[in-house]
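Residue numbering for the sequence shown follows our numbering, starting at 10 and increasing by one per position.
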Amino acid sequence: MDINTFQQILVSLNSQDNNTRTQAEEVFTSFMQTNYLGFLELLVLFMSNSDSALIRKQCVIYLFTTARRDSLFLTPQVLNFLWPKLKEHYVEILSSTIFPPEGKDLFCSIIALCASLSYSLNRSTEIQLFLLTCLETHPTLVKYVALSLTELFIAADSTCGISFQNILTIVNSDISSVTNAALFFSIAALDPNEEVLHRAFEEILRAIQPQDISEFLKVVMNFAETSASFFGPHMPGFTEYLCQVALNRNLGIERNYAMMCMASIARGAPQMCQVSNEKFIFPVIQCIISVISEIDDDAPWEYDTNDTSSNVIAKDSFGIIAKACGNQTFYNFFIDLMNQVLSKPDQPWQVVYAFITALADLDITTLSSFVITNDKNVRSDQMLPVVKISLQILPYIQNLNCHPRIRHATYEVITQLCRYIGPYYQTEAGQYVLPTLKDLIFKETHPITSKSVIQCLTAFFSNVTSKDLITDFDINFRELISMLSTAPNDLKPLIARCLGFYAKAGNNQFTKYFPIMAEAMLNLVNDPNVMVRISAIEAFAISCYKIQVPNEYLYVCSDFLGKIIEILKSPKKNDLSEKQLENSNIAICILIGRLGPYFKPFADKVVPDAIQEASASIEVTSVGAMDFTNEGFSFQMQIPVINVSGAKQFVNKADVQSVCKALDIINTAEGALKKDFIRYLEPTINIAQQWLSSQYHIEQIKIIACNIMHSCIPVALSNNTAAQIIPLTADLYLKNVTLICSQRFIKSLIRMVQRAMFIRIDNQMLGLEHYVKILKTMPPLIELTLERKNKILIGQQQWQTGELNDREVDKQDEVLGHIADLLKQCFKGIPQLTIPFFQQQMMHKFVEYIQREESQVMAIIVWTEYIIASNDLQNLQLFLPALFNFASMKNIDLSSLAFDNIGYLFTSINFERENVHNCYLFFKQEMNKDYMVEQEFSQITDHALIALTKIIIKYQAELKNRNVLSFWFEMLPIWDASDTCDIVYSFLATLLEEKNDAIFNEDNYERIVSLITSSAFSDFTKEATSIRFSRLIKEMALNPNFAEMTQNVYNTLNPTHQETFMRLLNYQEVPQ
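Put into structure tokens, the structure is as follows:
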């Protein structure tokens, strides 16, 4: 294509005429595809020589987009062709007065991409050195050189062969420049401990000019996302700087950015912040509370993500900081400050509001850990912290003359306490809170607080665990029904919803009230007000979430499902808020689940629409690595970036939630229809495949897509259509299992592929090459998870904040557990592949893993399964002593697991008599240790007894003798391991049925009856074992030799055991 034609195409691409523009786009795309190098050459030519600023900008955008997204660009051939041309025009483009500033920024990004590619291909520093040389001859280009290097260092995660000294020379050339500051932070992220960088930061902070504060703080925010620990040595001074900016009412957006910086630092380095109380936490709390108190009467009531008022940003920031850094010190300082300030009379309402609304923003960890107390030393006359807080804030709502914003904030505090610590809160503070809330429902007259009190009551009733609430369920339920009948129309939806949550929480208590609830909601479902109708349906759905709907009332579920479908397909849907639409989708999912196969008549009205909504496109916004983003305070959310270094990507939260809700409906419908879902199977798989094949890593959607694929496999299998789906599932797993996956996504992927691998291994629908590829993902997944776990553990150790990240450690352990479970199934299902793979690719690492504390649980499970599958006697001789050592470590988790696996090994492999005897002696020695009788270690004792039982059953010739059985009987009962202990009680039943004299004798009789009555018809025994116990009790009761003894033993039992005894005695077996 010649120059003139290309120019004409560029002009036509900006045409207002659709046909002209479309034709130009087709020619443009065709030229790019057929002559890629020629296409790039012309872009550079017009970028540097065109008289039109628009065309120059257009060309740089096309080149930037191509470089970012087109894999053709990422080749040595393209780089060798393009770089000399960019180099030739570098100074000309960046010095041009025609070239627009934003175009120059994109050009710098293109240079960075080329440098990153060049360095990654052959460690070349040619482009970097060119930039430094160019700076010597054209010092005015320092901004652009700094911008390119910044992008490069972030993309490459290194300085790419450039010394710190050379970089700092650029930074120091204009230390007040924000661009240079960005370059500084890009290298500070690479080596945050470098002393020279810390000295430079102090100089940069002093040099920033007032007009550059906002841009500087944007850079700091992005840097703090990943490298906030850099600020540790500078905490006092930098915190003071941020607080001064935030509190300065003469400034504008800079105030918000300062508070966002505080939040970014807290999220980026929570442990550091937690131990920097006077340096960070305390002054930040005081600062942010002060800004929150700037609210006025005209401020909006509803939260708006686009509201950038400083008091709104302050409230958001406080919530983020509290979530990241909340601990006992944080909580105590905040409460002491609140008490100190509020104890002063005549405080402005804004100040009171600021503290109460901030109290509502304290996170669940802070509240549950430090409002709840299990301190046994608390005297009966001492007030518990949760009661003290409740009594402190209740007067604000009891006084109806108190400012409505304070009352609203107070309801929010109670609501949060109910949500976070509901059962404990009901038990300890319910007697003070519940009467107040009930009393205020019709006394509140303000349009906001009149709804707040009902929402607060709804949160309170969302848990029914308090004994008083269970006893009073009838009274409270009927009171709510009565309120519903007399409430004004604007409150009916809220009271209906409150009823729904109370009924759901009531569970078994609610079952007999189901008809009353159904009738009440049926009365509302024909109300002219669509809000009332939709709330009635939602309330009904919520109420039957946990119960089995009686068959005679399934028609109500059908009726409500039909009504909600009708509303959502009518223009009335436009009257519903986003939250109401979200709740409607939840209600649909619940009703589908309750209807089960009876959902079939509605399927065509629901599933196709859900499939269409689930296939909606989501717009992804890409920005440069150091570009300002405001994720934590906006409607956008950041997603991990795949194959695009040095960039960040964002999606609209509402778009993601919409797709997720549609996928949830599909998944629920799949479970309800089972085989009948087959007619929707193909489009459903296409949707799941669409999201799991997407170039964008939107995990919330991908996780549900995994669940859908997991559910699709049995549907396809039941209809003989699984041959294509199972290999597809494996391919989707392989495509998605990358190093950017969260622990939650990894678990979903493993669960999905595990079903594909082993649902019907005999059919061989999955080729051997798939099994091998999946096995090859295990070692890097293990290393990734252990790396993440170690990072958390190091942080705990460094900052001495053990309790904060325990949950995060548990999440990584869950992933290791899923990996171990998959490997177990591989050893069982495909041993011919897994055994040699383990020996060649994994064994050397598992030798290491079993010695490392953070990986020992996984290693024990996998080693045990490998040895059983392979019969590797050499490694068995090494592994068994290690397993015995773990069992004797007095470690609740490890020792219990070790005993389990000893039992598993000895029952799966035939051991010599001497080994069996030594094993028994080991068990006897360990189980006789003093600590084994302590309640704290009962789990270890239970697992040891279960394992010993299995070994005795397997090796009866060696172990079923008086000495062993007497010891075994002495170790009974099981205390905690209820889910795995039936084998113990089943063996006891066998010994009693056999009249084994080591067990069945007069000396043991009282204990035998006690053991039976404490375990029968409970979680400890299966029904078959309980029936066997029933036969034994009847036999002994009818035996004249035991009749008197039986009566005497019965008299010594507690009432619960007596009740079980009578149930056993009178149990009527159903004929088979």
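No residue lacks a Cβ here, since even glycine has one placed at the ideal position from N, Cα and C.
In this text the structure is predicted, and so the values were computed from the model without any measurement.
- Query: Leaving out five residues before and five after residue 671 in sequence, what residues of the same chain have Cβ atoms less than 6 Å from its Cβ?
  - Reply: Hits under 6 Å: 619, 622 and 623.
- Query: How do the stretch 530–549 and the stretch 567–578 stand: do at least 3 beta-carbon pairs fall below 8 Å, yes or no?
  - Reply: Touching, per the Cβ criterion.
- Task: Counting only the same chain and skipping the five closest in sequence on each side, list residues whose C-beta sits under 7 Å from that of residue 1043.
- Result: Here the set comprises 1074.
- Which residues mark the beginning and the end of the beta strand (DSSP E) in which residue 648 is found? Note, residue 648: beta strand (DSSP E), 645–648.
- Task: Over the uninterrupted alpha helix (DSSP H) stretch that includes residue 231, give me the two end residues.
- Result: 222–236
- Query: Which ranges does the alpha helix (DSSP H) cover as unbroken runs of at least 4 residues, wholly within the stretch 982–1065, from first to last along the chain?
  - Reply: 991–1002, 1011–1024, 1032–1047 and 1049–1061
- Contact the stretch 308–320 vs the stretch 328–347: 3+ CB pairs below 8 Å: no
- Close Cβ partners of residue 964 (< 6 Å) along its chain, the five nearest in sequence each way excluded: 925, listed in sequence order.
- Inspect the beta-carbon positions of residue 663 and residue 587 and report whether they are closer than 9 Å. yes
- In the structure shown, what three-state DSSP assignment does residue 3 receive? This structure cannot speak to residue 3, because the chain is shown only from 10 to 1081.
- Determine the extent of the alpha helix (DSSP H) in which residue 596 is found, giving its start and end residues. 587–604
- Item | Cα-Cα separation between residue 849 and residue 88, rounded to whole angstroms | Roughly 39 Å between the two C-alpha positions.
- Item | Residues of its chain near residue 82, where Cβ-Cβ distance is below 7 Å and the 5 sequence neighbours each way are ignored | 75 and 76
- Boundaries (first-last residue) of the alpha helix (DSSP H) holding residue 150: No alpha helix (DSSP H) holds residue 150; DSSP gives it neither H nor E.
- Query: When DSSP labels each residue in this structure, what does residue 658 get in the three-state scheme?
  - Reply: strand
- Query: Which ranges does the beta strand (DSSP E) cover as unbroken runs of at least 3 residues, wholly within the stretch 246–330, from first to last along the chain?
  - Reply: none
- residue 197 and residue 139: beta carbons closer than 9 Å? no
- What residue from 877, 873 and 1076 has the CA that sits closest to residue 1's CA? No answer is possible for residue 1: the residues shown for the chain start at 10 and end at 1081.
- Message: I want to know whether the stretch 940–954 touches the stretch 896–910 - three or more CB-CB distances under 8 Å.
- Response: yes
- For the putative contact between residue 120 and residue 136, defined by C-beta atoms under 8 Å, what is the C-beta separation to the nearest angstrom? 7 Å
- Item | Proximity winner among 823, 962 and 51, relative to residue 13 (alpha-carbon distances) | With respect to the C-alpha of residue 13, the residue from 823, 962 and 51 having the closest C-alpha is 51.
- Message: Using a Cβ-Cβ cutoff of less than 8 Å, which residues in the same chain neighbour residue 148 once the five nearest sequence positions on both sides are dropped?
- Response: 182
- Between which two residues does the alpha helix (DSSP H) containing residue 398 stretch? 394–407
- Message: Assess contact between the stretch 25–35 and the stretch 61–68, defined as three or more Cβ pairs (one per stretch) separated by less than 8 Å. Is contact present?
- Response: no
- Write down the C-beta distance between residue 1001 and residue 957 rounded to the nearest angstrom, noting that I regard them as a contact closer than 8 Å. Between residue 957 and residue 1001 the Cβ distance is about 18 Å, and since that is not below 8 Å, they are no contact.
- With a threshold of 16 other CB atoms inside 10 Å of the CB of residue 347, please say whether the residue is buried or exposed. buried
- For residue 538, which of 514, 554, 501 and 527 has the nearest alpha-carbon? Comparing Cα positions, the closest option is 501.
- Query: Start and end of the alpha helix (DSSP H) containing residue 1111?
  - Reply: Absent from the structure is residue 1111, since the part of the chain shown begins at 10 and ends at 1081.
- Can you tell me whether residue 268 is buried or exposed, with buried defined as 16 or more other CB within 10 angstroms of its CB? So residue 268 ends up on the buried side.
- Item | Other residues of its chain near residue 1072: CB distance less than 7 Å, five sequence neighbours each side excluded | Within the same chain, residue 1072 has close Cβ partners 1026.
- Task: Report the rounded CA-to-CA distance for residue 759 versus residue 716, giving the unit in angstroms.
- Result: 11 Å
- Message: Which residue wins for smallest C-alpha separation from residue 282, given the options 691, 264, 322 and 237?
- Response: 237
- Item | Residue nearest to residue 518 in terms of C-alpha spacing, selected from 492, 542 and 485 | 485
- With 16 other CB atoms within 10 Å as the buried threshold, where does residue 673 fall? Answer is buried; the Cβ neighbour count reaches 16.
- Query: In its own chain, which residues sit with a C-beta less than 6 Å from the C-beta of residue 62, not counting the 5 before and 5 after it?
  - Reply: 107 and 109
- Same chain only: Cβ atoms within 7 Å of residue 554, ignoring 5 sequence neighbours per side: 513 and 599
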